[in-house]
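Chains as they are written, first to last, in this note's numbering: chain G, 1 to 204; chain R, 1 to 383. For each residue, glycine too, the CB sits at the ideal point set by N, CA and C. Since the structure is predicted, the reported quantities are computational estimates derived from the model, not experimental observations. What follows is one structure encoded as structure tokens, with my remarks underneath.
Here it is, written out as structure tokens:
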């Protein structure tokens, strides 16, 4: 016999499918929904439906957007000669927060991982190479591609794969640096990061 | 470093608190009383792991949900720290001086070299046990090596899956080679790092080997790279790159990674002969002890302090002569914890050892002339 009435169990099971949500959190969320007013529930449902209906992939950079091309690709103020490749849309947000990068983006929606069944063809890569041609980029030649995938084995493999794709084209390809977080004290940095920072030291 | 005292709650059948001596601690009692459990608790406090089980919850006393192992460690005459490992369900919480610590910062507070029945795999089992022995040693000198190993294992797992998938999808050799490249590139860098770290550690061990501790037979060791007969090892990256390129088809056929540091081995020779095939079980034990003592010595010359030395069921593993040689060697060096069920050994060492009798999980110190650490810390050699 089910512990909860069928509709409640169904809702708990659906919440449990979400990343980072286990049995306890799912239960808490489900009971919260039960306490919500009818209007609040309708608002939540509408938001879920709307995000599914209105959000599409930008046909140029694969960003999630409600207008195609997205506001980055459509902007006339951005530097079109530089493209930063990231794994996920939230990585773009992290870079955008610096306010020091004014180029364009390319979002892969993942990283290479045979264990998780992600091969090169499962990444949104097919539309990257055509972007490098001036005729597909408002007449602007792309002079640099920054590979800003995550600094783990999967991110490194992805960066390595893309750099091999780009090599024959002769475009400058760079990898973001790894090292010390700025604004913190040396003593708070973990040993592995410290090790990388020492290995990647530079003359001043 | 010195373990001054150990307090245990609901860890296996143990309860209570024991103060230890800075020298030799002899834990004795009948079989099944919990002698090894006390050793396991010390090992857990040092490594956060058990030498018996992969699943921490198995070590919680039946019908309880929380086990605590807490110890006071003296790093010097003035500096003492309280380490604690709490096991609740399948999760472990670590703390230093009652504050929670991440595992990376916790490790290294207390280091042990342990001789147990399982560790005999190093001298008579497969290469995996020997690689682990070396890796434990490297980690004891360089903590960041843990990350190198983890990354390497991850890359190998990814590569193995890729090779299996390529075979299933009947990909061409050229296509498979292209897909392997991003992984092989990392494999080369990490494998080179591991290769150099292990070779360096083996050199240190070799310098520290007390080759003839147990008689006239001589122990020597040599790191054997799986690339050894394939070319010039001094340019490891170039050689590995070459081998990986040549062996794509073989790796595809095998369905797993055939080349790299995960295929290396450590050769242990006893009077020039391979320990694993030619050694008697007594010689194998002697060789392992000599390796463990070298690890103790390397640790000491790097950190200027001795690790703890743990040995389970000493008389099952060594004869009387070897026990005497070993304990004599350790005296004035390590703080040593040895378990035994033999009355004879206890009597023989009654005047030199701090005796702790274990009955039904409870440890009781037996009055002897040897004082415990909380009252006297003598010399610097044992600290």
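Query, Result
"Who are the neighbours of residue 38 of chain R on chain G, taking C-beta pairs under 8 Å?", "Near residue 38 of chain R there are no residues of chain G at all, since even the closest Cβ is about 32 Å away, more than 8 Å."
"According to the neighbour-count rule (16 or more other Cβ atoms, all chains shown, within 10 Å of its Cβ), is residue 89 of chain R buried or exposed?", "exposed"
"Run down chain R in chain order and give the residues with a C-beta less than 7 Å from the C-beta of residue 115 of chain G.", "157, 158 and 161"
"Any contact of the region 140-158 of chain R with the region 78-88 of chain R, i.e. 3+ C-beta pairs under 8 Å?", "no"
"Restricting to runs no shorter than 3 residues, where is the beta strand (DSSP E) found entirely within the region 210-254 of chain R?", "219-224"
"Could you check what DSSP says for residue 375 of chain R in three-state terms: helix, strand or coil?", "Its pLDDT being 41, under 50, residue 375 of chain R is placed unreliably by the model, and nothing is read from it."
"DSSP three-state label for residue 28 of chain R, please.", "strand"
"List, in chain order, every chain G residue whose beta-carbon is nearer than 9 Å to that of residue 143 of chain R.", "191 and 192"
"Residue 278 of chain R to residue 271 of chain R, Cα distance in whole Å?", "10 Å"
"If you measure from the beta carbon of residue 100 of chain G to each beta carbon in chain R, is any gap under 8 Å?", "no"
"Would you kindly work out how many angstroms separate the C-alpha atoms of residue 164 of chain R and residue 188 of chain R, rounded to a whole number?", "20 Å"
"Spatial neighbours of residue 5 of chain R within its chain, please: CB distance less than 8 Å, with the 5 preceding and 5 following residues excluded, ordered by chain position.", "17, 18, 19, 20, 71, 72, 373 and 374"
"Use the C-beta contact count for residue 321 of chain R: other C-beta atoms within 10 angstroms, 16 or more gives buried, fewer gives exposed.", "exposed"
"Run down chain G in chain order and give the residues with a C-beta less than 7 Å from the C-beta of residue 389 of chain R.", "No answer is possible for residue 389 of chain R: the residues shown for chain R start at 1 and end at 383."
"Counting only beta-carbon separations shorter than 8 Å, does residue 186 of chain R have a partner in chain G?", "yes"
"Count the other CB atoms, across all protein chains shown, that sit within 10 Å of the CB of residue 14 of chain R; report buried if there are 16 or more and exposed otherwise.", "buried"
"Could you tell me whether the region 337-351 of chain R touches the region 23-43 of chain R, using the rule of 3 or more Cβ pairs below 8 Å?", "yes"
"Assign residue 135 of chain R to one of two classes, buried (16 or more other C-beta atoms within 10 Å of its C-beta) or exposed (fewer than that).", "buried"
"Go through its chain and collect everything with a Cβ distance to residue 121 of chain R's Cβ below 6 Å, but skip five positions before and after it.", "129"
"At a CB-CB cut-off below 7 Å, which residues of chain R make contact with residue 112 of chain G?", "182"
"Interface residues of chain R around residue 161 of chain G at Cβ under 7 Å?", "182"
"Nearest chain G C-beta to residue 151 of chain R closer than 8 Å, yes or no?", "yes"
"Taking CB distances under 8 Å as the criterion, tell me whether residue 153 of chain G reaches chain R.", "yes"
"Straight-line CA distance for residue 191 of chain R to residue 235 of chain R?", "13 Å"
"For residue 362 of chain R, does the three-state DSSP call read helix, strand or coil?", "strand"
"Whose C-alpha, out of R/327, R/349 and R/314, is nearest the C-alpha of residue 282 of chain R?", "R/314"
"Reducing DSSP to helix, strand and coil, say where residue 125 of chain G ends up.", "coil"
"Check the Cβ-Cβ distances between residue 154 of chain R and every residue of chain G, and say whether any is below 8 Å.", "yes"
"Rounded to whole angstroms, what is the Cα-Cα separation between residue 137 of chain R and residue 96 of chain R?", "23 Å"
"Could you name the residues of the same chain whose beta carbon sits closer than 6 Å to that of residue 133 of chain R, not counting the 5 residues immediately before and after it, in chain order?", "122"
"For chain G, check one thing: does any of its Cβ atoms lie closer than 8 Å to the Cβ of residue 165 of chain R?", "yes"
"Going by DSSP in three states, residue 354 of chain R sits in which element: helix, strand or coil?", "strand"
"Check whether the Cβ atoms of residue 146 of chain R and residue 155 of chain R lie closer than 8 Å to each other.", "no"
"Would you list the one or two residues that DSSP bridges to residue 220 of chain G?", "As shown, chain G starts at 1 and ends at 204. That puts residue 220 of chain G outside it, with no answer to give."
"Whose C-beta lies closer than 8 Å to the C-beta of residue 201 of chain R among residues of the same chain, with five residues either side of it excluded?", "134, 137, 138, 141 and 298"
"Go to residue 146 of chain R, then tell me how far its alpha helix (DSSP H) extends in each direction, as first and last residue.", "145-168"
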